[in-house]
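S.K.:
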Amino acid sequence: MRKLGLLPCLLLIAAAPPSPDAKLRQIVEPVSGQQMKRTVEKLVSFGTRHTLSSQTDPKLGIGAAVRWAEAEMKGFGLQTLQTCDTVTKLPRVPSPTRVCNAVAIQRGTERPNDVVIIQGHIDSRVTDVMNFTADAPGANDDGSGTAAVIEAARVLSKHKFPGTIVYAALSGEEQGLLGGRILAEYAKAQGWNVVTVLNNDIIGNSCSSDGACNDKQVRVISEGPRSQGQAELAADTHRFGGENDAPSRNISRYLDSLADRLNIGLDVMQIWRTDRFGRGGDHIPFLEMGYPAARLSVAVENYNWQHQDLRTEKGIKYGDTIENMDFPYLEKVTKLNVAALAAIASAPPPPEATVEGGLSTDTKISWKTVPGARGYRLRWRRTDASQWEQSQDASLPPIIVSTNPPSTGSKQPQTLYNVLRGVRVDDWVFGVSAVSNDGFESPVASAVPGGAFKPYVAPPAEPVK
Ligand SMILES: [Zn+2]
Numbered sequence: 002m003r004k005l006g007l008l009p010c011l012l013l014i015a016a017a018p019p020s021p022d023a024k025l026r027q028i029v030e031p032v033s034g035q036q037m038k039r040t041v042e043k044l045v046s047f048g049t050r051h052t053l054s055s056q057t058d059p060k061l062g063i064g065a066a067v068r069w070a071e072a073e074m075k076g077f078g079l080q081t082l083q084t085c086d087t088v089t090k091l092p093r094v095p096s097p098t099r100v101c102n103a104v105a106i107q108r109g110t111e112r113p114n115d116v117v118i119i120q121g122h123i124d125s126r127v128t129d130v131m132n133f134t135a136d137a138p139g140a141n142d143d144g145s146g147t148a149a150v151i152e153a154a155r156v157l158s159k160h161k162f163p164g165t166i167v168y169a170a171l172s173g174e175e176q177g178l179l180g181g182r183i184l185a186e187y188a189k190a191q192g193w194n195v196v197t198v199l200n201n202d203i204i205g206n207s208c209s210s211d212g213a214c215n216d217k218q219v220r221v222i223s224e225g226p227r228s229q230g231q232a233e234l235a236a237d238t239h240r241f242g243g244e245n246d247a248p249s250r251n252i253s254r255y256l257d258s259l260a261d262r263l264n265i266g267l268d269v270m271q272i273w274r275t276d277r278f279g280r281g282g283d284h285i286p287f288l289e290m291g292y293p294a295a296r297l298s299v300a301v302e303n304y305n306w307q308h309q310d311l312r313t314e315k316g317i318k319y320g321d322t323i324e325n326m327d328f329p330y331l332e333k334v335t336k337l338n339v340a341a342l343a344a345i346a347s348a349p350p351p352p353e354a355t356v357e358g359g360l361s362t363d364t365k366i367s368w369k370t371v372p373g374a375r376g377y378r379l380r381w382r383r384t385d386a387s388q389w390e391q392s393q394d395a396s397l398p399p400i401i402v403s404t405n406p407p408s409t410g411s412k413q414p415q416t417l418y419n420v421l422r423g424v425r426v427d428d429w430v431f432g433v434s435a436v437s438n439d440g441f442e443s444p445v446a447s448a449v450p451g452g453a454f455k456p457y458v459a460p461p462a463e464p465v466k
């Protein structure tokens, strides 16, 4: 009997569609460290990619590098463009300078306005930030992030996703986060619903100058209280909580959980601050405009290999050269990026959630429906827990929320709610994610003031009674 029972069981397994995680593992499989090594070699060959270097030389300087990156992504069949601005009168850009990003857009098939961005900066520097002539290989800072962007474009352009993916090699980072600002402003002008920005900056080495090595972890760095809207939010946050629940923090949790499930030998070290101590990156202009964003960076930085003139002093080699890089490690970090892009572009956007339950033994969670959601998942955790601990699929009224094909009746979001019996609102943080037909889950949006994945707009003031 047992033997007979086995066959139908196997048939069932064979017939079942692959799980979302199995699909993601298939998608990331072709990501190649060797391919990225060739990309970094090409980037280094431009001599310097300093933002103030030549725009017109066919082989050397920032202009040639940006044109090459754009052509490379165009070669994958993607729509490409350069987003540019002329910048001047800045401490690090004294005279008018054209700053251009190489950008590729992979339009979503169902929700093209929902956008997830991967970016790295293509410009490089040496010790003196104004030196635009000395060789500045910038292999790791940030040839590694640029290589991840191009590799993600190569691999993901072979697939189709409901949401849009944008790939960006940014310029002007070292001169004041200029490319990040230019792309964030472009996103705003386009009216994109930017769900997530993954900013990859220094992701390709695994050993530091003190001998510490770590090729098993990547830091995901995310702001706490959100930068944009914070003055308006401060009083509400003080009253209702949400210090650890800005959307960017939930991207960090999403990547942490995803890395565990992918099984690629890479763990996320969540760093809960806007960037490394006193430093910055191209995710910050996005945060300032209210777009969720996180920075990915190596577990251990090597400061002898960043922003240094190429030289040897007292037997120590300085400079950001390719031989200091760890391409198997870069491959793992890029796989995590590619999986996150695919997952977020496959999932509906995160819903907006609110919570009630003061002076009650139950908690009521409400959320607005989002297009493309088959269902919603409620998640909650203790206030001092770093990761979501409890979850439950929302019990839904018999409605199908979908805009594909667009149904005239359901264009306006509806508000749904569930009540968690015996769960006290005082003791937990709550959130809601949206789940697609094929099981892809969005990042969780926390039910806190400012928890929505969109620029914060203060609610209208209560009328004076
Ligand atoms: Zn950098």
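Heads up, the sequence shown is in the numbering used here, so the first residue is 2 and it goes up one at a time. Just so it is clear, CB atoms sit at the ideal spot from N, CA and C, and this is done for glycine as well. These numbers were taken from a predicted model, which means no experiment stands behind them.
What do you get for Ser324, buried or exposed, if any count of 16 or more other CB atoms within 10 angstroms of its CB means buried?
M.R.: In the sequence on display, residue 324 carries Glu and not Ser. Exposed: under 16 other Cβ atoms inside 10 Å.
S.K.: Can you tell me whether Arg382 is buried or exposed? The criterion is at least 16 other CB atoms within 10 Å of its CB, across all chains shown.
M.R.: The residue in question, Arg382, is buried, as its Cβ has 16 or more Cβ neighbours within 10 Å.
S.K.: Does the Cβ-Cβ distance between Gly451 and Leu234 come in under 7 Å?
M.R.: In contact: Gly451 and Leu234 (Cβ atoms closer than 7 Å).
S.K.: Could you tell me if Asn405 is buried or exposed, where buried requires 16 or more neighbouring beta carbons within 10 angstroms of its beta carbon?
M.R.: Because Asn405 sits at a pLDDT of 44, beneath the cut-off of 50, its placement in the model cannot be relied upon, and the following sentence gives the value as read from the coordinates. Exposed is the call here.
S.K.: Any chance you could list the residues with Cβ under 5 Å from a heavy atom of ligand 1, keeping chain order?
M.R.: Here the list is Asp142, Asp143 and Asp202.
S.K.: Can you list the beta strand (DSSP E) stretches of 3 or more residues lying completely in the region 201 to 225, in chain order?
M.R.: You should have 218 to 222.
S.K.: Of the residues Lys161, Thr322, Pro226 and Pro464, which one's Cα is nearest the Cα of Gly78?
M.R.: Nearest option by C-alpha distance: Lys161.
S.K.: Kindly indicate which three-state DSSP category Leu417 falls into: helix, strand or coil?
M.R.: Here Leu417 sits in strand by DSSP.
S.K.: Out of Ala348, Gly432, Ala346 and Val339, which has the shortest C-alpha to C-alpha gap to Arg380?
M.R.: For Arg380, the nearest C-alpha among the options comes from Gly432.
S.K.: Using the C-alpha atoms, what's the distance from Arg99 back to Thr89?
M.R.: In a straight line, the C-alpha of Thr89 is about 9 Å away from that of Arg99.
S.K.: According to DSSP, simplified to helix, strand and coil, what is Val465?
M.R.: Reduced to three states, the DSSP call for Val465 is coil.
S.K.: Where do the ends of the beta strand (DSSP E) carrying Asp257 lie?
M.R.: Segment Pro248 to Leu263 is the alpha helix (DSSP H) holding Asp257; no beta strand (DSSP E) there.
S.K.: Sort Ala72, Val104, Arg93 and Gly76 by Cα distance to Cys85 and report the nearest one.
M.R.: It is Val104.
S.K.: Taking only the alpha-carbon atoms, compute the straight-line gap between Gln231 and Glu442 and give it to the nearest angstrom.
M.R.: When rounded, the distance between both Cα atoms is 28 Å.
S.K.: Between the C-alpha atoms of Gln388 and Arg254, what's the straight-line distance to the nearest angstrom?
M.R.: C-alpha separation (whole angstroms): 6 Å.
S.K.: Taking the C-alpha atoms as reference points, what is the distance between Val467 and Thr134?
M.R.: In the structure as shown, the chain begins at 2 and stops at 466. Residue 467 is therefore absent and cannot be evaluated.
S.K.: Can you tell me whether Glu353 is helix, strand or coil according to DSSP?
M.R.: The answer is coil: DSSP assigns Glu353 none of H, G, I, E or B.
S.K.: Leu297 bridges to which residues according to DSSP?
M.R.: Leu297 is bridged to Asn201 and Val221.
S.K.: If contact is defined by three or more beta carbon pairs under 8 Å, each pair taking one atom from either stretch, is the region 417 to 431 in contact with the region 351 to 371?
M.R.: At 8 Å Cβ cutoff, the stretches touch.
S.K.: For my contact list, Ala295 and Met270 are in at a C-beta cut-off of 8 Å; report their separation, rounded to the angstrom.
M.R.: Between Met270 and Ala295 the Cβ distance is about 12 Å, and since that is not below 8 Å, they are no contact.
S.K.: Could you spell out where the alpha helix (DSSP H) holding Ser347 opens and where it closes?
M.R.: Here the alpha helix (DSSP H) through Ser347 covers Phe328 to Ser347.
S.K.: Given that a residue counts as buried once 16 or more other Cβ atoms are within 10 Å of its Cβ, and exposed if not, what is Met131?
M.R.: Met131 comes out exposed.
S.K.: Can you name the start and end residues of the beta strand (DSSP E) that Gly121 belongs to?
M.R.: Run containing Gly121: Arg112 to His122, per the beta strand (DSSP E) assignment.
S.K.: If you follow the beta strand (DSSP E) that Ala103 is part of, which residue opens it and which one closes it?
M.R.: Element bounds for Ala103: Thr98 to Gln107.
S.K.: Give the DSSP-derived three-state secondary structure of Arg422 in the structure shown.
M.R.: The answer is coil: DSSP assigns Arg422 none of H, G, I, E or B.
S.K.: Alpha carbon to alpha carbon, what distance is there between Ser298 and Asp216?
M.R.: Whole-angstrom Cα-Cα distance: 12 Å.
S.K.: Would you grab the beta carbon distance between Ser249 and Ser223 for me? Rounded to a whole angstrom, and I think it's under 8 Å.
M.R.: Contact flag correct, Cβ pair sits at about 4 Å.
S.K.: Relative to the C-alpha of Gln191, which residue among Ala343, Val45, Asp115 and Ala340 is closest?
M.R.: Measuring from the Cα of Gln191, the nearest candidate turns out to be Asp115.
S.K.: Run through DSSP, which three-state label would Thr134 get?
M.R.: Looking at Thr134 - three-state DSSP - the assignment turns out to be coil, as it is neither helix nor strand.
S.K.: Counting only runs of 3+ residues fully inside the region 422 to 461, write out the beta strand (DSSP E) ranges in chain order.
M.R.: Within the region 422 to 461, the complete beta strand (DSSP E) runs of at least 3 residues are 429 to 436.
S.K.: When we look at the beta-carbon of Lys220 and count the other beta-carbons within 10 Å, is it buried (16 or more) or exposed?
M.R.: A small fix is needed here, since residue 220 is Arg in this sequence, not Lys. Result: buried.
S.K.: Can you check DSSP and say which residues form a bridge with Arg312?
M.R.: Note: Arg312 sits in a beta bridge opposite Tyr319.
S.K.: Please tell me whether Gln309 and Thr128 are closer than 7 Å, where the distance is taken between their beta carbons.
M.R.: In contact: Gln309 and Thr128 (Cβ atoms closer than 7 Å).
S.K.: Taking the beta carbon of Val458 as the centre, do at least 16 other beta carbons fall within 10 Å, making it buried, or is it exposed?
M.R.: Counting Cβ neighbours within 10 Å, Val458 comes out exposed, since fewer than 16 surround it.
S.K.: So Ala153 is in the alpha helix (DSSP H); what residue range does that whole segment cover?
M.R.: Looking at the DSSP string, the run of the alpha helix (DSSP H) that includes Ala153 is Gly144 to Leu157.
S.K.: From Phe328 to Ala453, what does the alpha carbon distance come to, in whole angstroms?
M.R.: Rounded to whole angstroms, Phe328 to Ala453 spans 36 Å at the Cα level.
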